[in-house]
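Top line first, the protein sequences correspond to chains G and F. Read the first sequence against this note's numbering and you will find it ends at 716, with the numbers running on by one and no gaps. Read the second sequence against this note's numbering and you will find it ends at 492, with the numbers running on by one and no gaps. Idealized CB from N, CA, C, for every residue including glycine. Read the structure below first, then the notes.
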Amino acid sequence: MRILGLYNYWVFVFLMMVGFYILISRRNLVKKILGLNIFQTSVFIFYISMGKIIGGTAPILVEGEGEVVYSNPLPSVLILTAIVVGVSTTAVALSLVVRIKEAYGTIEGDEITAMDNEMPPP
Amino acid sequence: MMQHLPALLVVVPLMAAPVAAILRWRRAAWALALTVSWAVLAMAILLLRRVLNEGVISYFLGGWVAPIGIEYRIDVVSAWVLLVVASIGAVVMPYARASVEREVEPQRVPLLYSALLLCLTGLLGITVTGDVFNLFVFLEISSISAYALIATGPDRRALHAAYKYLIMGSIGATFIVIGIGMMYVMTGTLNMADLAQRLPEVSSRTVSVAFAFLTVGISLKLALFPLHLWLPDAYTFAPSTVTAFLASTATKVAVYMLVRFFFTIFGPTFSLEVMTFQWVLLPLALIAILWASMTAIYQMNVKRLLAYSSVAQIGYMALGISLASVPGLTAGLLHLFNHAIMKAALFMSMGAVMYQVGSVRIEAMRGLGRKMPWTMAAFVLGGLSLIGVPATVGFISKWYLVLAAVEAGLWVVAVLVLVGSLLAVVYIWRVVEAAYFQEYVGEFEVREAPLSLLVPIWALVAANLYFGLNATLTAGIATRAAELLLGVGS
């Protein structure tokens, strides 16, 4: 049961592998970015899972409530930063893809590599 | 004012970056970047002096006491890397104006300075911070701005190179976050000093997995063989200024991260004995030295040649670290500084050739020894330093490295280091041969590069010679840093 009880960690590993596989196997530049996003998002699930305490509630202090178990808020805060980082990476990646499309007329990695090889060496 | 230096060091370039982007006037953006980079250098020197005299500086950001708040912690190691990054920034900025105007479209110039300042912020931030998650954020600030910087290159292949670097770099950064997360699960802290205390108590498989993730992530950023594939294209197609800056700072800061995680956080016992990491790092470093040097010999583009040579030089630094002795680490940390100044001088002299001739292919170098005597002389002196000829800084780091290898009883390693130097003779000679022993065949009259390019190049060459003849200062600091990391001596 312990294995099943940790199902969110299994989701993390599964998503990480899916994202990483897409990142390595796809040649289309936009699909690669999608893979990167799935890969990064899996890490968010990992962080959020580790902060959760069974039976824990939102970490808000209320007067006269006595003994209350709170979930750890720090991983969620960290992930807020990681989300911002992920969004900016995606933004830069997509704008690079836009400029690659303008310069090469395609976003297929294989075709771009072939065109690179045809050009006179720098 | 003085006690806020660690924060100011990061805040000043961070605040200047958006201002540089708003200034539509190229000269104003450049002047701002120049001022900031010199101010940063002044602060880095003040911090190094304070650390050497008074010991570790601990700064609590916003007054929140560590380990709850974010701590900026500067010891000899970080002060040393800070000085490397800040001095390269301060030398590259005056060089940037002419070179960037020649190679980058005018409307992108202020944005380039903005990205350069952001990259500087990130690199300085990684070095000063004492909090691992903060380190990740600074790493991404420096990396994302580096992707943008590389994409400003004049050739369209710069875009593809930047994209490939972005994908590889983001994989590396994500691996680092996973590693940090696993350390946090086991210890409940993100503060480096706190982690170093608590990790030995909880050593379990999770810590080993965290170690593995962090190693792969940092090695990607470091361009350690075989994870260096992004580096040659990125360095070849980026504008000369950007290549000179990134080649001598970004990988150096990655070396710093490696050292910080292995020695300060996990501790030498865990990293090297429990995980037997030195037997992974040592062969990889040797392959990097030999394979990358041999690949460099066959390059027709000098920037690409120097990029492969950088992969080999990273091998030397990794080799020093993998020996895990005081002389070994000293060699690694010394080479970090020495390689920064010699590679910056080499890439900047190629930038000057690019400025005057418009190409950095070997055939374009023909006869330049007479046409551009100062530029090519700087290249030759930088090249001699790369080879490790006595009276240059390259000799000092090779000397320490060979000593450390012999002390560890690894004679084969010492011999291979010297073989690497011989290979460097071959690839540097190819450029020298074209420049000095062939006639100029181009149609245009080629003149010497302007002073604004030559002065920064020769400042670096002078540093190469000065610290090669008088290494007491640099070797002294590097030894203190190595002793601190290994926890021996004072």
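Contact between the segment 227-238 of chain F and the segment 101-121 of chain F is absent: fewer than 3 CB-CB pairs across the two stretches fall below 8 Å. Counting along the chain, R75/F sits inside the beta strand (DSSP E) bounded by residues E73 to I76. Proximity of chain F to R693/G at the Cβ level (cut-off 8 Å) is accounted for by A153 and L161, in chain order. Residue state for S80/F is assigned as helix, using DSSP reduced to three classes.
When V671/G, G650/G and L668/G are compared, the shortest CA-CA separation from E661/G is found for G650/G. For E105/F, the secondary structure class from DSSP, reduced to helix, strand or coil, is helix. Counting the other CB atoms within 10 Å of its CB gives Q5/F a total below 16, which places it among the exposed residues. DSSP places Y61/F inside the beta strand (DSSP E), whose first and last residues are I59 to F62. Residues of chain F with a Cβ closer than 9 Å to the Cβ of Y641/G are, in chain order, V179, G183 and Y186. The beta-carbon of M302/F is placed less than 8 Å from the nearest beta-carbon of chain G. A distance below 7 Å between beta-carbons, with the five flanking residues on each side excluded, links V21/F to the following residues of its chain, in chain order: L34. Within the DSSP bridge table, the entry for Y429/F names no partner. Ranking M352/F, L418/F, S454/F and E445/F by CA distance to the CA of V433/F puts M352/F first. Within chain F, no C-beta atom comes less than 7 Å from the C-beta of S665/G; the nearest is roughly 14 Å away.
Classified as exposed, T271/F has fewer than 16 neighbouring CB atoms from the shown chains inside 10 Å of its CB. Looking only at F279/F, A31/F, T251/F and P452/F, the smallest Cα-Cα distance to V218/F is reached by F279/F.
At a Cβ-Cβ threshold of 8 Å, E441/F and P375/F do not count as neighbours.
Rounded to the nearest angstrom, the Cβ distance from T154/F to V87/F is 21 Å, too far for a contact under 8 Å. Judged by DSSP secondary structure, Y468/F falls within the alpha helix (DSSP H) whose first and last residues are L453 to L471. With fewer than 16 other CB atoms across the displayed protein chains lying within 10 angstroms of its CB, D704/G is exposed. Neighbours of R26/F in chain G, taken as residues at a C-beta separation under 8 Å, are lacking, since the least C-beta distance is about 20 Å. Along the segment 612-629 of chain G, the positions whose C-beta sits under 8 Å from a C-beta of chain F are F614, L617, L623 and K626, read in chain order.
Around A117/F, the same chain offers S147, A150 and L151 as residues with beta carbons nearer than 7 Å, after the five sequence neighbours per side are excluded. For the C-beta of V204/F, not a single chain G residue is nearer than 7 Å; the gap to the nearest is close to 14 Å. V692/G sits exposed, since fewer than 16 C-beta atoms from the chains shown fall within 10 Å of its C-beta. For the 8 Å CB-CB criterion, A380/F and V463/F form a contact.
Taking each of V605/G, K625/G and V637/G in turn and checking the Cα distance to T176/F, the smallest one comes out for V637/G. For I706/G, the chain F residues whose C-beta falls within less than 8 Å of its own C-beta are H162, listed in chain order. Taking C-beta separations shorter than 6 Å and ignoring five residues to either side along the sequence, the partners of A294/F in its chain run Y310, V313 and A314, following chain order.
Using a 10 angstroms sphere on the CB of R596/G, the tally of other CB atoms stays under 16, which defines it as exposed. Ranked by Cα distance from T474/F, the first of A461/F, A164/F and S399/F is S399/F.
Apart from sequence neighbours up to five positions away, no residue of its chain approaches Y300/F with a beta-carbon distance below 6 Å. Taking 8 Å as the CB threshold, Y698/G lines the interface with chain F. Look at L325/F: its C-beta is not under 8 Å from any C-beta on chain G. Judged by DSSP secondary structure, G411/F falls outside any alpha helix (DSSP H); it is assigned neither H nor E. Residue environment for Y601/G: exposed (fewer than 16 other C-beta atoms within 10 angstroms of its C-beta).
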